Amino acid sequence: MLTDLSIRNYVLIDQADLKFRSGLNVITGETGAGKSIVIGALSMVLGERASSDLIRQGQDQATVEAVFELDAKRPGYRRFVEFLEQSGLEVDETLILKRTLNKAGKNRCYVNNSTTTLATLNEIGHLLVDLHGQHDHQTLLHPRNYLTILDDFGELNEDVVRLGAIYEQWRETRQRFDDLVAQERERHRILDQLRYQVNEIEQSNLKPGEEDELAAERRRLRNFEALTQNSTAILSLLEGGAEDSPGIDHGLGQVQALIEDLSQRDPDLAPARSLADSAAAAIDELLTLIRRYQEGLEFQPGRLDEIESRLHLIHNLKRKYGNSIEEILAFLGESKTEYDKLENFDEERALLEKELDQLNQKLGRLAADLTVKRRKVAKQLCGEITTELRQLGMPSARFEAEVARLDASSAPNVHRVRYPQDEENPITSTGWDMVHFRITTNPGEPMKTLRQVASGGEISRVMLAIKAVLARVDGVDALVFDEIDSGIGGKTALVVGGKIKSLSNERQVLCITHLAPIASKGDHHLKIEKEASGQTTRVTIVALEAQARLEELARMMGSETSEGSLRLAEEMLQAGARN
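Under my numbering, read the sequence shown as residues 50 to 628, first letter to last.
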């Protein structure tokens with residue numbers, strides 16, 4: 050249940066803190082006072098689309114916060130808790146939703162002070178509140194919405210999701226099969242190209258790291274003379290030459306002998322002995338390394354040309370197939386796989402045909418089963434909506450929901466599934482059904498589409514009847530009606546008000562209305578007022594009690610506030626309380 054709604058800098062509202070109660074909450078006000086702004090703010094915090102134009106003039110951001118008290122006894126509670134847990138959000142008896150919107154159109158969304166995504170906030174909103182806006186009755190004039198209404202009523206959405214998953218598998222497999230068939234025309238050309246590419250790379254006999262090794266060897270060969278001369282000079286310096294030119298190695302040996310003598314005479318020089326020994330060992334190791342390096346230096350006539358030729362080949366292959374030898378070898382593997390697949394075209398085609406046939410049968414069975422369920426549900430929906438319509442002042446009304454096959458002529462671009470055998474049926478991710486809603490409101494009249502017969506008042510009552518029926522199965526905590534009473538008045542308004550009141554016995558209802566008979570049935574009454582001061586306009590919201598409520602009902606009836614009009618308003622309130 051929605052208990053609190055806090056609005057800051059939203060359209061004409063600078064600051065408003067609304068309290069709601071269980072039962073029927075009515076919101077009234079003069080035409081143009083901004084009643085729908087409250088519903089707009091609620092929509093925003095429930096994750097619906099919102100633009101920066103909604104930020105109050107002169108402010109940087111708008112903020113809306115809603116507080117809900119969760120009831121573990123509600124039908125949809127378990128599903129709601131599961132969604133919160135799957136989204137990594139904490140579950141508590143109190144749920145606080147918050148959304149801010151800045152001038153740049155950036156959103157920040159929170160659930161119990163934890164940041165979340167707008168998509169998650171929107172999903173939470175749909176689980177908590179069923180919001181019927183001013184123009185939502187137009188959905189009844191578009192047959193594409195009827196299937197959703199039927200599936201919602203029959204709780205068939207899990208079946209639809211299951212069918213949709215198989216449909217996606219079938220569609221992807223069908224696409225792979227179509228691509229394979231299209232490739233047949235190009236197959237031989239592609240095979241020739243792949244064969245050439247594979248042969249060219251395989252004949253080059255590339256090895257990972259080869260390019261770096263060749264580049265290093267090329268540098269050595271280009272600098273062979275300098276490398277030989279310098280390594281010889283190093284050995285000469287270390288080993289020495291003639292007797293009168295001892296090397297570093299010989300001199301270091303003498304140093305070791307002298308330090309040995311000194312350390313025996315003066316123990317303080319003992320550390321010098323270990324340093325001299327380390328230096329001698331390092332010189333020996335250096336000598337070994339340089340000798341081995343020099344022995345490995347070998348100049349082979351023509352080797353440099355071989356390396357240049359090999360590196361040129363690698364460069365050309367890189368230009369065609371990748372930026373490195375590793376990428377070229379990866380390309381080789383992919384090309385061989387593609388080559389094998391094209392070589393085995395007939396085998397792969399047979400496998401795909403078999404897979405596609407199995408998915409055809411599975412998808413067809415699911416669609417056929419769903420059709421049976423939908424037709425059964427349609428009969429029940431017809432009966433319940435007809436009953437609701439008669440309770441809403443349409444005693445001769447009959448409602449019809451027909452489940453029919455998708456019309457191939459009206460859906461030329463949809464996929465077709467072969468089931469049973471080779472019979473092709475248009476199908477989508479929701480099955481191969483379409484739903485027609487028809488109604489007759491007077492005795493002896495034939496069934497007609499809603500678009501053909503529905504006046505504003507009739508369409509409002511049909512929508513209310515559907516909402517009343519769906520409310521028994523959807524599990525949401527709150528219903529919101531934004532001027533569902535459009536186009537009605539008099540006795541019909543009393544009947545519609547009674548229906549809305551009865552809905553509020555099972556769940557919380559918020560209702561914006563311009564009709565006193567409906568407002569009089571509210572358990573809690575809020576009034577929207579618009580005030581202009583200079584160049585500034587602001588909307589305020591007040592809770593009405595006692596005398597103030599009587600005066601508002603009198604205003605809504607078009608009467609001046611007088612003893613007679615107040616008495617009539619009080620009688621209306623008393624009648625509303627009885628109903």
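Quick reminder that beta carbons are idealized off the backbone N, C-alpha and C, glycines included.
Given the structure is predicted, the values throughout are model-derived calculations rather than measurements.
Selected residue, minimal CA-CA separation from residue i, among the options
{"i": "THR281", "options": "ASP326, GLN343 and GLU235", "result": "GLN343"}
{"i": "ALA99", "options": "VAL60, THR386, LYS550 and ARG359", "result": "VAL60"}
{"i": "ASP526", "options": "LEU338, GLU249, PRO295 and GLU555", "result": "GLU555"}
{"i": "ARG70", "options": "HIS175, ASP109, GLY536 and GLU118", "result": "GLU118"}
{"i": "PRO475", "options": "HIS191, TYR468 and LEU455", "result": "LEU455"}
{"i": "VAL466", "options": "LEU324, GLU217 and ILE434", "result": "GLU217"}
{"i": "THR589", "options": "GLU396, GLN278 and ILE577", "result": "ILE577"}
{"i": "LEU190", "options": "LEU499, VAL522, ALA520 and ARG510", "result": "LEU499"}
{"i": "ASN194", "options": "THR585, MET483, ILE283 and LEU599", "result": "MET483"}
{"i": "GLN494", "options": "SER445, ALA325, GLY432 and ALA427", "result": "According to the sequence provided, residue 494 is Glu. The question's Gln does not apply to it. With distances taken between Cα atoms, GLU494 lies closest to SER445."}
{"i": "SER509", "options": "ASN161, HIS181, ARG424 and ASP395", "result": "HIS181"}
{"i": "ILE250", "options": "PHE226, GLY382 and ILE283", "result": "GLY382"}
{"i": "GLY296", "options": "VAL160, GLY607 and LEU284", "result": "LEU284"}
{"i": "GLU472", "options": "GLY413, ALA450, MET496 and ILE515", "result": "GLY413"}
{"i": "LEU441", "options": "ALA399, ASN372, ALA453 and SER551", "result": "SER551"}
{"i": "PHE448", "options": "GLU402, VAL518 and SER478", "result": "VAL518"}
{"i": "ILE356", "options": "PHE132, VAL160, ASP261 and PHE380", "result": "ASP261"}
Between the CA atoms of residue j and residue i - distance to the nearest angstrom
{"i": "VAL558", "j": "LEU146", "result": "19 Å"}
{"i": "ASN58", "j": "VAL87", "result": "12 Å"}
{"i": "LYS390", "j": "GLN410", "result": "27 Å"}
{"i": "ASP120", "j": "LEU51", "result": "11 Å"}
{"i": "THR490", "j": "PRO566", "result": "24 Å"}
{"i": "LEU270", "j": "ALA264", "result": "10 Å"}
{"i": "LEU346", "j": "LEU353", "result": "14 Å"}
{"i": "GLN501", "j": "THR197", "result": "21 Å"}
{"i": "ASN586", "j": "THR169", "result": "A small fix is needed here, since residue 586 is Thr in this sequence, not Asn. Answer to the nearest angstrom: the Cα atoms are 34 Å apart."}
{"i": "THR80", "j": "THR166", "result": "36 Å"}
{"i": "ALA593", "j": "GLY78", "result": "As written in the sequence, residue 593 is Leu, which differs from the Ala given in the question. The alpha-carbon atoms of LEU593 and GLY78 are separated by roughly 11 Å."}
{"i": "THR420", "j": "GLY432", "result": "19 Å"}
{"i": "ILE339", "j": "ALA306", "result": "26 Å"}
{"i": "ASP227", "j": "ARG238", "result": "18 Å"}
{"i": "ARG157", "j": "THR164", "result": "7 Å"}
{"i": "GLY154", "j": "ILE173", "result": "21 Å"}
{"i": "SER535", "j": "GLU134", "result": "40 Å"}
{"i": "ASP328", "j": "GLU274", "result": "According to the sequence provided, residue 328 is Ala. The question's Asp does not apply to it. Cα to Cα, ALA328 sits roughly 30 Å from GLU274."}
{"i": "GLY538", "j": "LEU430", "result": "27 Å"}
Near the ligand PLP: residue i beta-carbon under 6 Å from a heavy atom
{"i": "ARG359", "result": "What this structure holds is no ligand at all, so the ligand PLP is not there to describe."}
Coil, strand or helix - residue i by DSSP
{"i": "LEU564", "result": "coil"}
{"i": "GLU139", "result": "coil"}
{"i": "ASN372", "result": "coil"}
{"i": "ARG148", "result": "strand"}
{"i": "ALA453", "result": "strand"}
{"i": "LEU284", "result": "helix"}
{"i": "TYR126", "result": "helix"}
{"i": "TYR468", "result": "coil"}
{"i": "ILE533", "result": "coil"}
{"i": "LYS497", "result": "strand"}
{"i": "ASN162", "result": "coil"}
{"i": "SER582", "result": "strand"}
{"i": "THR420", "result": "helix"}
{"i": "ASN272", "result": "coil"}
{"i": "PRO475", "result": "strand"}
{"i": "ASN393", "result": "coil"}
{"i": "MET606", "result": "coil"}
{"i": "VAL525", "result": "coil"}
{"i": "VAL463", "result": "coil"}
{"i": "ASP572", "result": "coil"}
One or two residues paired with residue i in a DSSP bridge
{"i": "GLY289", "result": "PRO295"}
{"i": "ARG236", "result": "According to DSSP, which records beta bridges pairwise, ARG236 is partnered with nothing at all."}
{"i": "ASP120", "result": "Paired residues: none, contrary to the question."}
{"i": "GLN64", "result": "ARG57"}
{"i": "ILE577", "result": "GLY78 and ILE590"}
{"i": "ARG447", "result": "THR489"}
{"i": "PRO316", "result": "Its beta-bridge partners do not exist; DSSP assigns none."}
{"i": "VAL113", "result": "ILE56 and ARG148"}
{"i": "ARG341", "result": "Its beta-bridge partners do not exist; DSSP assigns none."}
{"i": "ASN156", "result": "LEU150"}
{"i": "ASP104", "result": "One point to set straight first is that residue 104 is Ile, not Asp, in the sequence displayed. BP columns for ILE104 point to TYR59."}
Supposed close pair residue i, residue j - CB separation, criterion 8 Å
{"i": "SER569", "j": "LEU602", "result": "6 Å"}
{"i": "ILE533", "j": "LEU513", "result": "6 Å"}
{"i": "PRO192", "j": "HIS574", "result": "Rounded, the Cβ-Cβ distance is 38 Å, inconsistent with contact."}
{"i": "ASP179", "j": "ASP523", "result": "6 Å"}
{"i": "LEU49", "j": "LEU212", "result": "No statement about residue 49 is possible, as the shown extent of the chain runs from 50 to 628 and does not include it."}
{"i": "LEU240", "j": "TYR388", "result": "7 Å"}
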